[in-house]
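Residue 64 is where the sequence shown starts when you use the numbering used here, and the numbers rise one by one after that.
Glycine included, every Cβ here is placed at the ideal spot set by N, Cα and C.
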Amino acid sequence: MSLEDAFADGPAFVPYLAAGDPDYESSLKYVEALERGGADVIELGLPFSEPIAEGPTIQNAVVRSLEGGMTPTRFFEFVEDLDVSVPLVCMTYYNLIYRYGDEPGPRPFVEKAAEVGIEGFVVPDLPAEEADPLREACDEFGLDLVFIVAPTTRGERLDRIMERVSGYVYVQARLGTTGAQSSVSDQTGSSLERLADYDVPKAVGFGISSGDHAERIVASGADGIIVGSALVDIVAEGHENGDDAETVADRLETLARELKDGAVAGASQRPPHPERT
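What follows is the structure, encoded as structure tokens:
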């Protein structure tokens, strides 16, 4: 299933976890729990030592993953070991993509990602103006390239991003870094209106932490929700408390189901989208 297909039958729930957090075997169970909870796409973080787009929650997850031995090579093994059927997206930073393999540039990384079953990438530190080499490699191997659109992204810059995006566009709900929030940003609706004329699914992330948030965001026009920090918090709490992996996986599945149900409820409150051509 392609990324865009995952949005075809209703609002998509797109959770994020850092691969290998807090250890390899537990992380496999946690990612698989997200699919049981209703995930339509799963974003897997390949940890990088300087995650500039992330708040403290995901920064700490990155540290745990790196301390557990996660590397690009280990990440690809992790993807192969997963028992999931939904599309997987690699979220990482361009330095890791560019330096992988025996030749400079993104092609070796993209080729390996396609081989193990990755369907696309989110690369927060890659400007659209510099993305053509990665876009070309993705086109060669049939992978999508997802861009993040901030509330302040407009005009020619927005056009450049939307010319290169595929799969879905990651709509940043608020300014700042990632992190669970207690309320929905009032910038979400205006961001979605600004993107309405672009024919690609719009998934909103940054700060979503409950089914109520998911419902309100989808009701405002989003095609999907992206949730990271609220799920990573569950992993962190379980790790700090010494809880067994099965218990933590059950908690992740429960929150995932709440978020998916909220998104579905939100879709019932708005007129149907016109069919995409």
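Whether residue i touches residue j by CB criterion (8 angstroms)
i, j, result
"V212", "V185", "no"
"L206", "G183", "yes"
"A96", "A326", "no"
"E174", "F138", "no"
"I280", "G329", "yes"
"G168", "P196", "yes"
"Y87", "G118", "no"
Best match in the options for proximity to residue i [C-alpha to C-alpha]
i, options, result
"L315", "E303, V295 and P169", "V295"
"A266", "G284, A176 and S253", "G284"
"A293", "E309, C153, G305 and G268", "G268"
"G252", "P214, F139 and D146", "P214"
"E106", "L197, E130 and V142", "V142"
"L129", "A81, E98, V152 and H276", "A81"
"V152", "Y79, R333 and G73", "Y79"
"S148", "R217, T310, V125 and A69", "A69"
"S258", "G218, D103 and D72", "Looking at the sequence provided, one finds Leu at residue 258 rather than Ser. When each option's Cα is compared against that of L258, the closest is G218."
"I297", "D165, T216, Y156 and S89", "S89"
"Q250", "T216, G230, D72 and T317", "T216"
Sequence-distant residues of the same chain with beta carbon closer than 7 angstroms to residue i, five excluded per side
i, result
"K323", "F76, G100 and G101"
"V228", "L208, V209, F210 and V263"
"R223", "A191 and E192"
"L145", "L91, V94 and E95"
First through last residue of the beta strand (DSSP E) which encompasses residue i
i, result
"V209", "D207 to V209"
"A75", "A75 to A81"
"V232", "V232 to Q235"
"V290", "G287 to V290"
Burial state of residue i (16 or more Cβ within 10 Å)
i, result
"E278", "buried"
"D260", "exposed"
"G83", "buried"
"M133", "buried"
"N123", "buried"
"E300", "exposed"
"M154", "buried"
"S246", "Bear in mind that a pLDDT of 47 at S246, under 50, signals an unreliable position, so the number given afterwards is only what the model happens to contain. With fewer than 16 Cβ atoms within 10 Å of its Cβ, S246 is classed as exposed."
"R170", "buried"
"S331", "exposed"
"A176", "buried"
Boundaries of the alpha helix (DSSP H) in which residue i is found, first to last residue
i, result
"I271", "Looking at the DSSP string, I271 is not in any alpha helix (DSSP H), and its letter there is neither H nor E."
"Y156", "Run containing Y156: none; DSSP gives neither H nor E here."
"E95", "Y87 to R99"
"A200", "D195 to F204"
"E106", "No alpha helix (DSSP H) contains E106, which is instead part of the beta strand (DSSP E) from I105 to G108."
"G183", "Where G183 is concerned, there is no enclosing alpha helix (DSSP H), although the beta strand (DSSP E) it sits in stretches over I181 to V185."
Close Cβ partners of residue i (< 6 angstroms) along its chain, the five nearest in sequence each way excluded
i, result
"E321", "G274"
"P341", "The displayed coordinates of the chain run from 64 to 340. Any statement about residue 341 would go beyond what the structure contains."
"L221", "none"
"G306", "Looking at the sequence provided, one finds Asp at residue 306 rather than Gly. Same-chain partners within the cutoff: there are none."
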